[in-house]
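Numbering (the working numbering), first residue to last: 1 to 179.
Encoded as structure tokens, the structure appears first; notes follow it.
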Amino acid sequence: MKKIINSSKLVLIAAVLLFNSCKKDDPVHEHDNEEMKTMTLSFTEKTTNAKVEVIIDATDTKPQSLNLKKGNYDLDIKLKDFDGHEVQQEISYDAYEHQFFFVGPTKEQITFTYLDQQVGLKSNWKVLDKASAIPMKIVLMHGLNKTKVTAADWNNSSYQSIGGGTPDISVNVTLNLID
């Protein structure tokens with residue numbers, strides 16, 4: 001009788017261990033796009049070294065204002081994910097499938113040049129003409145076909161239909177070009 005009870009206990013313990021070890025893990029959400037929360041635009045005027053910085057939260061629906069005087073600026077963009085980690089290194093590493101677009105200002109208002117493999121984390125802006133309250137959409141596209149877009153498309157409102165892809169981050173600002 002003791003043998004039957006001990007055998008039953010052993011079978012019961014084995015069954016508990018077997019069922020507990022076979023639990024399914026929660027599925028992990030995997031995606032190709034980076035998830036970004038903030039974008040910091042740091043403009044440095046090349047002759048005076050004056051700095052203009054705007055920090056934009058992608059979850060904020062109210063556009064930030066960006067005021068630039070006429071001049072020649074280098075732009076450096078920093079991106080942070082929802083945990084506060086900078087992600088621009090990943091974007092640079094995958095430059096072949098990322099590109100920023102700055103839709104709003106015209107080529108008569110701004111002369112724009114990518115300074116990095118046509119990504120836009122680093123660029124040059126020459127403010128040529130003054131203008132007020134220009135709605136500007138800044139979007140980082142992921143997975144686009146870069147053979148179909150050129151550096152001249154930096155402000156093309158049809159960026160998505162030209163190159164495809166999906167936005168990693170998209171923010172709106174109000175651009176003021178002043179004397």
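Glycine included, C-beta positions come from ideal geometry on N, C-alpha and C.
Bear in mind the structure is a predicted one, so any value in this text is a computation, not a measurement.
Taking buried to mean at least 16 other C-beta atoms within 10 Å of its own C-beta, is residue i buried or exposed?
| i | result |
| --- | --- |
| residue 89 | exposed |
| residue 56 | buried |
| residue 186 | Look at the range of the chain in this structure, 1 to 179, and you will see that residue 186 is not part of it. |
Which of helix, strand or coil does DSSP assign to residue i?
| i | result |
| --- | --- |
| residue 163 | helix |
| residue 95 | helix |
| residue 64 | strand |
| residue 90 | helix |
| residue 168 | strand |
Quick one, which of the options has its alpha-carbon nearest residue i's?
| i | options | result |
| --- | --- | --- |
| residue 171 | 65, 79, 125, 139 | 139 |
| residue 117 | 63, 111, 98, 86 | 98 |
| residue 168 | 72, 143, 126 | 143 |
| residue 76 | 155, 40, 86, 154 | 40 |
| residue 135 | 35, 37, 66 | 66 |
| residue 37 | 53, 49, 60 | 60 |
| residue 114 | 125, 48, 42 | 125 |
At the level of alpha carbons, what is the spacing between residue i and residue j?
| i | j | result |
| --- | --- | --- |
| residue 73 | residue 109 | 13 Å |
| residue 162 | residue 123 | 21 Å |
| residue 175 | residue 63 | 10 Å |
| residue 132 | residue 178 | 8 Å |
| residue 148 | residue 95 | 15 Å |
Within this structure, are the beta carbons of residue i and residue j separated by less than 9 Å?
| i | j | result |
| --- | --- | --- |
| residue 112 | residue 156 | no |
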